[in-house]
Amino acid sequence: MVITDELVAYLEKLGRIELDDEQRVKTKKDLQDILSYIDTLNELDTDNIEPLSHSFPIFNVFAEDEVKNGDMRDEVLKNAPESQDGCFKVHRTVE
Amino acid sequence: MNYEIVIGLEVHTELSTKRKIFCNCTTQFGGEPNTHVCEICSGMPGTLPVLNKKVVEYAIRTGIATNCDITTNNKFDRKNYFYPDLPKAYQISQLYFPICRNGHIDIIGKDGEEKQVRIHEIHMEEDAGKLIHDDWEDCTLVDYNRCGVPLLEIVSEPDMRSAEEVIDYLTKLRSILQYTGVSDCKMQEGSLRADVNLSVREMGSKEFGTRTEMKNMNSFKAIARAIEYEAQRQIDIIEEGGKVVQETRRWDDANGESYAMRSKEDAQDYKYFPEPDLPPIIIGKEWIESVKNNLPELKDAKKKRYIEQLGLPEYDTGLITDSIHLVRLFEKTSEICKKPKIAANWILGELLMRLNESGKTPEDIDFDDSSLGKIIVMVEEGKISRDTGKKVFKKVFEENVDPEKYVAENNLGLVSDTATLKPVIEDVIAQNEKSVNEYKGGKQQALQYLIGQCMRALRGKAPAQEVQKILKELLDK
Chain A
1 MVITDELVAY LEKLGRIELD DEQRVKTKKD LQDILSYIDT LNELDTDNIE
51 PLSHSFPIFN VFAEDEVKNG DMRDEVLKNA PESQDGCFKV HRTVE
Chain B
1 MNYEIVIGLE VHTELSTKRK IFCNCTTQFG GEPNTHVCEI CSGMPGTLPV
51 LNKKVVEYAI RTGIATNCDI TTNNKFDRKN YFYPDLPKAY QISQLYFPIC
101 RNGHIDIIGK DGEEKQVRIH EIHMEEDAGK LIHDDWEDCT LVDYNRCGVP
151 LLEIVSEPDM RSAEEVIDYL TKLRSILQYT GVSDCKMQEG SLRADVNLSV
201 REMGSKEFGT RTEMKNMNSF KAIARAIEYE AQRQIDIIEE GGKVVQETRR
251 WDDANGESYA MRSKEDAQDY KYFPEPDLPP IIIGKEWIES VKNNLPELKD
301 AKKKRYIEQL GLPEYDTGLI TDSIHLVRLF EKTSEICKKP KIAANWILGE
351 LLMRLNESGK TPEDIDFDDS SLGKIIVMVE EGKISRDTGK KVFKKVFEEN
401 VDPEKYVAEN NLGLVSDTAT LKPVIEDVIA QNEKSVNEYK GGKQQALQYL
451 IGQCMRALRG KAPAQEVQKI LKELLDK
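Chains A and B, in that order, are what the protein sequence lines are. Our numbering puts the first residue of the first sequence at 1, with every later residue one more than the last. Our numbering puts the first residue of the second sequence at 1, with every later residue one more than the last.
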């Protein structure tokens, strides 16, 4: 896969970030390098290998259906960029 | 030209678990903003989700009740999108291996024949938070109480052909979700939400037309109206030689029209990948069997049991089983009073009348579920009269009073012990010599008059049968 300028612009849009020209050049190169490195894997024959999504042989880790948390709004809102009326306050965002 | 409407539904239902899907916060509806929120559901870095087992169990239940295959090897996937209703900037959902697939629900089709609506898949995911847009201050306030409430998304195939079929499908689906105890399906509170995918095509055509997706309908009536509107809108476009554009539209029920939403640009590009924070879930045969064996009684089975074992009339049974809320009250009431037929009569008589009068529906019932049973016991044991029972029920319905306390505090109980009644009745006999003689002379009407006098003296607080019995004993001596 080739990383194009258009693809970098598209990724900026999806990530809601804006890069300057210098960063764009660097990002394009970095992404291309990463993909080329990963491409090495394509040299292997994986025809009869099951796809793997998790590398540790752990499964069925559950919690029981019990409420253990109470109101911790004050603590949680300490992490908000800004807060108002008990809510996280962000830039106006409408679909 | 004749057109055919083609509809598929995506239904989201919030599960009735106590805990959220990945953290220890409550799923309770409402509450002050951000009071049901912790570091996990507010998306703080470095936190780890842990799956609520009940969510998996409820998904399996729903899958069994909708004739689906249950997936053995499950995993979650990360759906990335950048919007403040999800603080992690991704939703944990299932894309590649949904927990249930290939099911169906039977509905009554357009032509009156039974038909199948196929279920494409059911998957587990988390709900998002609520945004409040402040126009004045030009900012958005975010409440994450709903964030992380477990959801099932139930995706049908495009098998429906009219608003009626859609409503029938939704009614059946809601009944399944409520009877299995998986969701309370309160549309007003958003615990049942339907997105409608609709296209039109020339009758007989095999190709599908371009579809639109409609959101924001919060009642069955609104869904029916939105379908009629959207189908006509698409037909008009085609008749005028135009082309339907694939888009998401928002239904405005107040104005009876839909409008295109400003699309989240390129939002389709969710960059899904396997969720690394949650290990896979393996659902073996034993687990499925155990859920199957513990599946709550569904509507049709309940109906059959009410008719065959409890001896309720078919019509009454239908009225009760149409609402899970009436079913629950009926079963609790029967359990207390041990007389299901009488319980059914009270529910279909007094309760439905009160609901009607106040413009409420069974899901609004908010009195203690043991109250009606207690009232029936008091009436049946002769502790209060039937009329008093109805008055007490009115009070229970309106103010959720404790019926036993209310009867005691307002001295509404009937006096039925002979020791108390006898002197009063003797007194009446002494004062009504004429009627007593008439009765003894064989005039039955005189007895009725005497009973009336006794009841008056007792101010209606004695069971008439008991009074008559004592009165006759004294007179016939």
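All residues carry an ideal CB built from backbone N, CA and C; glycine is no exception.
query                                                                                                                        : result
Straight-line gap, B/G129 to A/H91 (C-alpha atoms, nearest Å)                                                                : 16 Å
Interface partners of B/E39 on chain A, CB under 9 Å                                                                         : M72, E75, V76, N79
Element boundaries [beta strand (DSSP E), containing B/W251]                                                                 : 248-252
Nearest candidate by alpha-carbon position, reference B/N2, set B/L355, B/G256, B/I238                                       : B/I238
Beta-carbon proximity list for B/P87, same chain, < 6 Å, skipping 5 on both sides                                            : S42, G43
Under 8 Å from the C-beta of A/D85: neighbouring residues of chain B                                                         : P33, L141
Cβ neighbours of A/R24 in the same chain (closer than 6 Å, five flanking residues each side left out)                        : V8
For B/M214, the three-state DSSP class (helix, strand or coil)                                                               : strand
Contacting residues, own chain, Cβ-Cβ under 7 Å from B/A59 (five flanking each side not counted)                             : I99, C100, I122, M124, L152
Rounded separation between B/I281 and B/I92 - CA only                                                                        : 14 Å
Residue-chain proximity (A/V90, chain B), Cβ-Cβ < 8 Å                                                                        : yes
Neighbour flag for A/N48 against chain B, beta carbons, 8 Å                                                                  : no
In chain order, each alpha helix (DSSP H) run of at least 4 residues that lies wholly inside the region 29-99 of chain B     : 53-65
Assigned secondary structure, A/F59 (DSSP; H/G/I helix, E/B strand, else coil)                                               : coil
Contact the region 71-81 of chain A vs the region 153-160 of chain B: 3+ CB pairs below 8 Å                                  : no
Contacts of B/R78 in chain A (Cβ-Cβ under 7 Å)                                                                               : Result: empty, since nearest Cβ-Cβ is about 11 Å, beyond 7 Å.
Local Cβ density within 10 Å of B/K338, reported as buried at 16 or more and exposed below that                              : exposed
Per-residue contacts from B/F82 into chain A (C-beta, under 8 Å)                                                             : L14, G15, R16
Residue interval of the beta strand (DSSP E) (run including B/Q116)                                                          : 114-126
Span of the alpha helix (DSSP H), counted from its first residue to its last, around B/V166                                  : 163-179
Closest Cα partner of B/L351 within the set B/E398, B/E466, B/L312                                                           : B/E398
Which residues DSSP lists as bridging A/C87, in chain order                                                                  : A/Q84
Enclosing alpha helix (DSSP H) for B/R146 [first to last residue]                                                            : First-last for B/R146: undefined, no H or E at that position.
Proximal chain A residues relative to B/C147, where beta-carbon distance stays under 7 Å                                     : Result: empty, since nearest Cβ-Cβ is about 11 Å, beyond 7 Å.
Counted within 10 angstroms of its Cβ, other Cβ atoms place B/T171 as buried (16 or more) or exposed                         : exposed
Other residues of its chain near B/V149: CB distance less than 8 Å, five sequence neighbours each side excluded              : E14, L15, K20, I21, T27, E126, D127
B/K443: first and last residue of the uninterrupted alpha helix (DSSP H) it sits in                                          : No alpha helix (DSSP H) holds B/K443; DSSP gives it neither H nor E.
Contact set between B/I282 and chain A, taken where Cβ atoms lie within less than 9 Å                                        : F59, N60
Beta-carbon contacts of B/L192 that lie in its chain and below 6 Å, excluding the five residues immediately before and after : T13, C185
B/D106 - DSSP class collapsed to helix/strand/coil                                                                           : strand
Chain-ordered chain A contacts of B/I132 [CB-CB under 8 Å]                                                                   : C87
Three or more C-beta pairs below 8 Å linking the region 342-362 of chain B and the region 198-215 of chain B                 : no
Whole-angstrom C-beta distance between B/R328 and B/D300, which should lie under 8 Å                                         : B/D300 to B/R328, Cβ: 17 Å. No contact.
Own chain, CB closer than 6 Å to B/F273, minus 5 neighbours either side, in chain order                                      : R78
Coil, strand or helix - B/S371 by DSSP                                                                                       : helix
Close beta carbons around B/E473, own chain, < 7 Å, minus the five adjacent residues each side                               : none
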